[in-house]
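Residue numbers (this note's numbering), protein chains in the order written: chain A, 1 to 302; chain B, 303 to 628; chain C, 629 to 961. C-beta atoms are modelled at their ideal positions from N, C-alpha and C, and glycine is treated no differently. As structure tokens, the structure follows; a few thoughts come after it.
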């Protein structure tokens, strides 16, 4: 008889939650990295994040984010001691951009942390109980919010409240949540007919279990992909808000504000506007490039 | 094997689906049009039929995915003609189901442990002192290795997924399991393993099975009683030995003739070889008279006018056919 | 092995190895496949899921996935080396030499054209007599659909694929092949989703047509019963190797390879008697397949040599070949 009757299996080693999760992560990374542009995007985002977080160490003039003036070095063109030049009161543009990135990330994460869970859960409920009155109500309200241009909505909210970082964040939350509701609604309406959902229903599982443990895990891929792309959009919208004077108030630097401040000095003192504008472009580009990779990574899990 | 009391009794079961749009609006798809059968403790009723026969719909009615349009279904004396959300928890524990395609009935985002724990959690059956051990024992029952505990269904083979689905069905210690073509998409060697496991479990736990398949050869080796369905009605029902030695209904004979067999012994069983012809009609436009009259080689005028009724030709052997009396 | 070309065979596959490149490594699916189809012969390849049956026939038509690699082996179609063919020759091979019926009908049916449009196009390109005339196309198409027991063929021709059920789509694919006879038909599990009574009718039509046109047929199936009723010769495949081949009557009279023996015992019989316990173990991991015979880990007769060396394909006479050291002989297949 053969002693080697123990056959090789697809995954030879015993599976533990840790090892399986590690395998999962390795596979996800492989899928993500197939798309070279996405890796570039990730690199950009990480780079910008490091700049923002370690601003006090990395920036040449970390204190220029505050109320500092140095008229001696005002409006200097990019040179060795000021890589991106200085603004009209002598502050180093580069250091201020690094700091402004903090505001951008805070805006992006802040808006998404609120809108993604809220919008998604609402969509799940509306989708699972489609054709019930509360589902219709939720979706009609969502439709109304979707019909309003996000910029206008944010501007309205901001103008009612005092302009500051928190309020502009709040305003953007108002505009952003319905997209997630719409997304999870359409996913939930189709997923609720899946056999594994029906199996769980037949077994007698509670509705909460079905929504959050059976349906939601199958939506996270799309939700995360959208959220990644949305980071870029939120930051851009935030920059637009601060461009018109809402959002972070001076002397704290904000990317949009920096662009608008320097606008009147174009084209002679171009560096005051152009570098902040490029900074906005860089981070939005980073997230957009990542988006494709995230989609590949999370879809077609097989 | 000791055949116990009748555990499931179905009488006059009907399930019609209304058509809500299109040209045929207002008509009904008569998926099941009046069937009677019963299953005893420890018995396996094999429900055989082709597409459109209503066999899967019968399974779904028993398990509670649909409620019956008419007729009665009694399980251990309790009425179960309503859908599962209106059923008691005890019923959900006692009747379990294994579906055809384990790829779709197991959530790809849940691992083995979570899948097996769910029914235990719902019915408060988790062994608080040793919850992991409990799940491992379930895996052992279906001969899956303990290492699979945290794996996801996608990394298991088709046969293993089905065994996991069976373990899930067994977890609540049910009295009856409904199996809808559980091995149709599996290889023959894996099917053999699963069938033997099901037979063993049946003996150990005195389980009843309602086993649905289109494979008569499989039925021969698994069922105690066989019922063959055609267009929503049972054409013939008999104990397994009788069914295969003396098939009376022309559809049964046609089906037997069509099955590819691999030995001479099996060829002999198909004494009245009827060549299959024609196609099953739509369950919306069921032919007047006997529903099989479009394909039956023995059809007479009566078959186009009168729908035959179920007659008992010998103890336990019922046939629905006008020709039985000639 | 190359002597076979001289006998005028339609398909000759010699020691074919096919691997797929994946993120986890090289998946070594085919491990030296030998296949030989004579003109007018009906051959069935029987094997379980994942054994490489589809890969084998796809390599004949050169329709393997992009990440496939053929490190060794030869394929000859009517004496021509398929692996060395240029694009134009391959196109001709696929267009007029071989007709393939896929397992999944969605692969062959374009959702934006009606069935009729697709069938007429296939007939037009088939090079049959008067194939350009509309009424001839209609006639051939309707007849082919009738042959596959499709109700109301004229209406089917006007329908789109999504309007038909899965089983009907499969029959349409079979009908397309019937309407455009070729020298060789390759059918990959053509009847798996069909009812048994329809399967019976369709297989009879397919074999009748193949016989009347003197075409060859390669039928892939996992059912030995279907193979028995449709083919002249059966190849049993396991984990990327042909393990046994014989004429159909011979194979059912006597199985030699331990896998074939075990497989037969697992098949439920209409005459009762229960089924065997299955075959212990699993199919090998193609990323790291066993050296030597791939069935050895599951074989009750295996010895040390089986794990080290790969057996050849030994001829037991009358074309009954086995890939097992138990039957080692001179003279390969």
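Using a Cβ-Cβ cutoff of less than 7 Å, which residues in the same chain neighbour residue i once the five nearest sequence positions on both sides are dropped?
i, result
"residue 963 of chain C", "Lying before the first or after the last residue shown, residue 963 of chain C is absent from chain C, which here runs from 629 to 961."
"residue 862 of chain C", "672, 674, 855, 873, 874, 876, 879"
"residue 633 of chain C", "Unreliable positioning characterises residue 633 of chain C in this predicted model, as indicated by a pLDDT of 44, which lies under 50. A coordinate reading is not provided."
"residue 92 of chain A", "60, 61, 64, 82, 86"
"residue 609 of chain B", "591, 592"
"residue 955 of chain C", "884, 942, 944"
Which residues share a DSSP beta bridge with residue i?
i, result
"residue 118 of chain A", "According to DSSP, residue 118 of chain A bridges with nothing at all."
"residue 962 of chain C", "Absent from the model: residue 962 of chain C. The displayed extent of chain C is 629 to 961, so no value can be given."
"residue 512 of chain B", "B:347, B:480"
"residue 398 of chain B", "B:479"
"residue 335 of chain B", "B:316"
"residue 531 of chain B", "B:536"
"residue 649 of chain C", "C:654"
"residue 670 of chain C", "C:845"
"residue 664 of chain C", "C:640"
"residue 541 of chain B", "B:527"
Once DSSP output is grouped into helix, strand and coil, what is the label at residue i?
i, result
"residue 949 of chain C", "strand"
"residue 637 of chain C", "coil"
"residue 875 of chain C", "strand"
"residue 380 of chain B", "strand"
"residue 244 of chain A", "coil"
"residue 659 of chain C", "strand"
"residue 61 of chain A", "coil"
"residue 308 of chain A", "The structure shown does not extend to residue 308 of chain A, since chain A is modelled only from 1 to 302, so the question has no answer here."
"residue 752 of chain C", "helix"
"residue 617 of chain B", "coil"
"residue 320 of chain B", "strand"
"residue 40 of chain A", "helix"
"residue 94 of chain A", "helix"
"residue 898 of chain C", "coil"
"residue 342 of chain B", "strand"
"residue 779 of chain C", "coil"
"residue 816 of chain C", "strand"
"residue 911 of chain C", "coil"
Between which residues of its own chain and residue i is the CB-CB distance below 6 Å, once the five residues before and five after are set aside?
i, result
"residue 572 of chain B", "558, 559"
"residue 121 of chain A", "none"
"residue 885 of chain C", "871, 872, 950, 952"
"residue 54 of chain A", "none"
"residue 935 of chain C", "920, 924"
For residue i versus residue j, is the C-beta spacing smaller than 9 Å?
i, j, result
"residue 589 of chain B", "residue 534 of chain B", "no"
"residue 422 of chain B", "residue 411 of chain B", "no"
"residue 49 of chain A", "residue 231 of chain A", "no"
"residue 521 of chain B", "residue 309 of chain B", "no"
"residue 153 of chain A", "residue 166 of chain A", "no"
Just mark residue i as buried or exposed, buried being the case when its beta carbon has 16 or more other beta carbons within 10 Å.
i, result
"residue 150 of chain A", "buried"
"residue 819 of chain C", "buried"
"residue 133 of chain A", "exposed"
"residue 652 of chain C", "exposed"
"residue 29 of chain A", "exposed"
"residue 630 of chain C", "Legend: pLDDT at residue 630 of chain C = 41, less than 50; position of this residue unreliable, value from coordinates given subsequently. Exposed, by the Cβ-count rule."
"residue 567 of chain B", "exposed"
"residue 699 of chain C", "exposed"
"residue 254 of chain A", "buried"
"residue 227 of chain A", "buried"
"residue 160 of chain A", "exposed"
"residue 896 of chain C", "buried"
Whose C-beta lies closer than 8 Å to the C-beta of residue i among residues of the same chain, with five residues either side of it excluded?
i, result
"residue 842 of chain C", "667, 668"
"residue 301 of chain A", "With a pLDDT of 46 at residue 301 of chain A, under the threshold of 50, the modelled position of that residue is not reliable, and the figure given next carries that caveat. Around residue 301 of chain A: 221."
"residue 782 of chain C", "770"
"residue 469 of chain B", "418, 440, 441, 443, 444, 446"
"residue 865 of chain C", "661, 673, 674, 675, 679, 680, 681, 684, 871"
"residue 523 of chain B", "497"
"residue 917 of chain C", "656, 659, 867, 868"
"residue 742 of chain C", "785, 786, 787, 788"
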